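In terms of the working numbering, the sequence shown opens at residue 267 and continues consecutively.
The beta-carbon is built from N, C-alpha and C at its ideal position, and this holds for glycine as well.
Just so we're clear, the structure is a prediction, and the values are computed from it rather than from any experiment.
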Amino acid sequence: MVAEAIDLSGGRVECPCGVAFLAAMLSAIGQRRVQAGTVVLGDLTIQGNVKALPSITEVLQLALENGALRVLLPIGNKAQFSSLPEDVVEKLDIIFYGDVDRAVAKVVEL
267 MVAEAIDLSG GRVECPCGVA FLAAMLSAIG QRRVQAGTVV LGDLTIQGNV
317 KALPSITEVL QLALENGALR VLLPIGNKAQ FSSLPEDVVE KLDIIFYGDV
367 DRAVAKVVEL
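In structure tokens, the structure reads:
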């Protein structure tokens with residue numbers, strides 16, 4: 267399956283939501299729910315490679331403040347894990363993934 271989002275306004279607004287979008291689409295097609303309280307972070311290249319986020323501290327703090335229970339992060343962000351605030355590490359179930367298939371498998375309920 268391939269999905270493409272096109273910005274018709276020409277504003278070139280970036281939105282690194284490729285993995286979350288793909289997980290949502292596969293969830294809808296397979297009529298399976300995404301696990302409640304889950305945040306999926308990471309972007310995809312056109313070749314299907316996972317791109318890490320530049321910084322995860324603020325994003326994870328925001329996710330925690332808004333009721334997230336678990337967060338899926340690209341393995342490329344693992345080096346930033348040690349600099350996270352203690353409350354974020356303690357309260358969030360942080361799961362790293364290296365490819366899109368593993369991310370979708372971890373987030374979609376069976």
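- In summary, isoleucine 312 is exposed, with fewer than 16 beta-carbon neighbours lying within 10 Å of its beta-carbon over all protein chains present.
- Excluding sequence positions up to five before and after valine 370, its CB lies within less than 6 angstroms of the CB of Ala289 and Leu292, all in the same chain and listed in chain order.
- For alanine 286, the number of other beta carbons within 10 angstroms of its own is at least 16, and it is reported as buried.
- For threonine 323, the three-state secondary structure derived from DSSP is helix.
- Between the alpha carbons of serine 349 and valine 366 lies a distance of about 25 angstroms.
- Per DSSP, the beta-bridge partners of leucine 339 are Phe362.
- A distance below 6 angstroms between beta-carbons, with the five flanking residues on each side excluded, links valine 305 to the following residues of its chain, in chain order: Ala329, Ala334 and Val337.
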